[in-house]
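Peer 1: Numbering (the numbering used here), first residue to last: 470 to 874.
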Amino acid sequence: MTVPAAPHPETRADDVAGEGVGQGGGEGADERVRALRAAVRESVVGHAPALLDLSRRLHAEPETAFEEHKSAALCAELLAAHGFEVTAPAHGLDTAFRATIGSGPVTVAIACEYDALPGLGHACGHNLIAAAGVGAALGLAPHADELGLTVRVVGTPAEERGAGKALLLDAGAFDGVDAAMMVHPCPFEMADFRSFALGTLDVAYAGRAAHPSLNPHEGRNAADALTVAQVALGLLRQQLPPQWRVHGITTAAGTAPNAIPDRATATYEIRALAAEDLRELRQRVEDCFRAGALATGCEVTLERPEPDYLDFRGDPELIRLWTANARELGRAEPVERPPFACTDMGNVSHVVPSIHPVLDISGGACGPHEAAFAEAAISPAAEQALLDGAVGMAWTAADFAAART
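#1: From the DSSP output, read off the bridge partner residues of Pro582.
#2: Please name the residue in Gly703, Thr724 and Thr734 whose C-alpha comes closest to that of Ile718.
#3: Return the CA-CA distance between Pro587 and Ser664, expressed in angstroms with no decimal places.
#4: Could you check if Pro574 is buried or exposed, using at least 16 other CB atoms within 10 Å of its CB as the buried criterion?
#5: With contact counted as at least three CB pairs below 8 Å, one residue from each stretch, are the region 726-745 and the region 674-690 in contact?
#6: Would you mind stating whether Met659 and Leu787 have Cβ atoms separated by less than 9 Å?
#7: Let me confirm a value: Asp777 is counted as buried when at least 16 other C-beta atoms fall within 10 Å, else exposed. Which label applies?
#8: Determine which residues share a DSSP beta bridge with Cys655 and list them.
#9: Which class does Ile847 belong to by DSSP, given the choice of helix, strand or coil?
#10: Skipping 5 residues on each side, what residues in its chain have a beta carbon closer than 6 Å to that of Asp484?
#11: Between the Cα of Val652 and the Cα atoms of Asp661, Asp644 and Gly645, which residue gives the shortest distance?
#12: Quick one: grab the DSSP three-state call for Asp647.
#13: In whole angstroms, what separates the C-alpha of His819 from that of Ala854?
#14: Assign Pro822 to buried or exposed, taking buried as 16 or more other Cβ atoms, counted over all protein chains shown, within 10 Å of its Cβ.
#15: Taking the beta strand (DSSP E) that Arg567 falls in, what are its first and last residues?
#16: Can you grab the Cα-Cα spacing for the pair Leu616 / Ile598, in whole Å?
#17: Should Ala843 be labelled buried (16 or more other beta-carbon atoms within 10 Å of its own) or exposed?
#18: With a threshold of 8 Å on Cβ separation, who are the neighbours of Pro518 within its own chain once the five nearest residues in sequence on each side are excluded?
#19: Is the Cβ-Cβ distance between Ile540 and Glu532 less than 9 Å?
#20: According to DSSP, is Arg663 helix, strand or coil?
#21: Using a threshold of 9 Å, state whether the C-beta atoms of Ala859 and Leu520 are closer than that.
#22: What residue range does the alpha helix (DSSP H) around Val603 cover?
#23: Out of curiosity, what's the CA-to-CA distance linking Val700 and Ala846?
#24: Who are the Cβ neighbours of Leu505 in its own chain at under 7 Å, not counting the five residues just before and after it?
#25: Between the Cα of Gly799 and those of Ala840, Cys835 and Asp857, spot the shortest distance and give me the residue it belongs to.
#26: With respect to 8 Å, is the separation between the Cβ of Leu828 and the closest non-hydrogen atom of the ligand GTP below this value?
#27: Where does Leu709 sit, in a helix, a strand or coil, going by DSSP?
#28: Please identify the residue among Gly833, Thr812, Asp522 and Leu771 whose C-alpha is closest to the C-alpha of Val804.
#29: Relative to the C-alpha of Trp864, which residue among Thr625, Glu530 and Arg789 is closest?
#30: Cα separation between Ala760 and Tyr674?
#31: Just tell me which of Ala764, Arg751, Gly766 and Leu742 has its CA closest to the CA of Thr812.
#32: By how many angstroms is the C-alpha of Gly590 removed from the C-alpha of Leu543?
#33: Is the region 708-716 touching the region 740-756, taking contact as three or more C-beta pairs under 8 Å?
#34: Quick check on His528: does DSSP put it in helix, strand or coil?
#35: According to DSSP, simplified to helix, strand and coil, what is Val823?
#36: Roughly how many angstroms lie between the CA atoms of Glu500 and Ala872, to the nearest whole one?
Here's what the structure looks like:
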């Protein structure tokens with residue numbers, strides 16, 4: 470493994486000026502910025518053993534949404550040991566924390582995800598997200614005041630299920646923040662990450678049980694209600710825009726073939742390019758489930774088990790700064806892709822200028838939510854991405870603050 474390369478003044482001077490860092494102060498200001506960037510990098514490198522240990526420990530003991538007690542504590546304790554003011558639990562969530570250092574006029578929030586997938590462990594690489602976020606904060610900590618920064622680390626549970634960041638946003642965790650950032654492992658590099666908006670729907674039909682040969686006319690078949698709805702959804706797909714998605718599973722539909730089911734349940738997800746589209750899609754999907762109830766004489770209950778995940782909207786300035794910094798670190802050139810996946814960081818991006826770059830850890834061999842990706846998340850390539858992500862975020866935060874102070 471290599472540590473992130475030191476900046477090269479002969480190739481970076483134009484980039485520094487071109488990205489708006491240290492403008493207005495002449496060569497002296499540029500030299501000061503370069504010196505601070507080098508110091509930030511060295512600070513991250515100095516913490517590399519602790520960061521790699523943190524990632525490996527998180528990976529070894531995966532915890533799922535809202536159960537990440539050890540994971541949150543490991544991150545919070547490392548930050549507290551280096552002078553951060555830590556609040557844990559925070560903002561009404563038992564496995565959230567908030568850690569702050571510095572008193573500068575520009576506040577940058579770094580999001581740390583650490584929840585794992587049921588049955589797959591860290592097959593989404595959240596161990597790397599958390600460690601990179603902690604690393605960026607530790608890199609900035611000794612220089613926060615000189616950079617004009619207040620650094621706020623937000624431990625964000627339940628990204629995979631539960632929309633933890635949406636809950637934290639409503640609770641004020643991102644109030645007063647000028648920019649928010651995180652990185653995510655992937656099978657490719659991407660600076661201008663975009664995601665779908667996502668909504669979840671729990672469906673429950675209540676019918677009337679009856680014997681299917683003795684008195685079927687007295688029954689109201691809840692499984693039939695769900696079948697009618699699923700047929701309606703299948704037909705609806707013909708008229709949906711190609712980027713809209715509807716998919717789900719049946720979770721209950723009777724227990725014996727000689728009894729008309731009086732209960733059937735399902736969970737569905739809907740995805741669209743934007744939050745505005747999601748509202749329209751939800752109405753049309755819910756109408757399909759209501760049609761199933763109407764056609765069979767059953768009753769239907771529709772519930773949202775979690776807040777909607779909004780589409781991620783990256784901030785152009787932060788994307789530009791990150792791209793230059795990732796290039797300086799020697800990362801591969803970013804690709805451009807249409808929206809994919811969903812993240813509750815999207816909710817933050819609708820309120821706070823945000824960035825969510827993705828870093829290649831598998832060379833395209835496997836992707837998130839695959840068993841092989843859990844192994845990739847502790848590979849040498851992953852640990853290199855962790856350190857690069859920490860330095861890249863720290864540099865981007867420093868550049869962002871320098872343009873405002």
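Even glycine gets a Cβ: it sits at the ideal position worked out from N, Cα and C.
Everything numeric in this text was worked out from a predicted model, so none of it was measured.
Peer 2: Reading it off the structure:
#1: Note that residue 582 corresponds to Glu in the displayed sequence, not to Pro. Thr625, per the DSSP bridge assignment.
#2: Checked all of Gly703, Thr724 and Thr734; the closest Cα to Ile718 is Thr734.
#3: 22 Å
#4: exposed
#5: yes
#6: no
#7: Classification of Asp777: buried, given that the 10 Å Cβ count is 16 or more.
#8: Asp829
#9: Looking at Ile847 - three-state DSSP - the assignment turns out to be coil, as it is neither helix nor strand.
#10: With a pLDDT of only 33 at Asp484, under the threshold of 50, the placement of this residue in the model should not be trusted, and no figure is reported.
#11: Asp661
#12: coil
#13: Approximately 27 Å between the Cα atoms of the pair.
#14: Classification of Pro822: buried, given that the 10 Å Cβ count is 16 or more.
#15: Phe566 to Ile570
#16: 24 Å
#17: buried
#18: none
#19: A small correction: the amino acid at residue 540 is Ser; Ile does not occupy that position in the sequence shown. Contact: yes.
#20: coil
#21: yes
#22: His595 to Leu609
#23: Going from the Cα of Val700 to the Cα of Ala846 covers about 40 Å.
#24: His612, Glu615, Leu616 and Ala867
#25: Asp857
#26: Looking at this structure, you won't find the ligand GTP or any other ligand, since it has none at all.
#27: The answer is coil: DSSP assigns Leu709 none of H, G, I, E or B.
#28: Gly833
#29: Arg789
#30: 12 Å
#31: Leu742
#32: 17 Å
#33: yes
#34: helix
#35: Correcting the residue type first, residue 823 is Ser in the shown sequence and not Val. In this structure, Ser823 counts as strand in the three-state DSSP scheme.
#36: Distance between the alpha carbons of Glu500 and Ala872: 15 Å.
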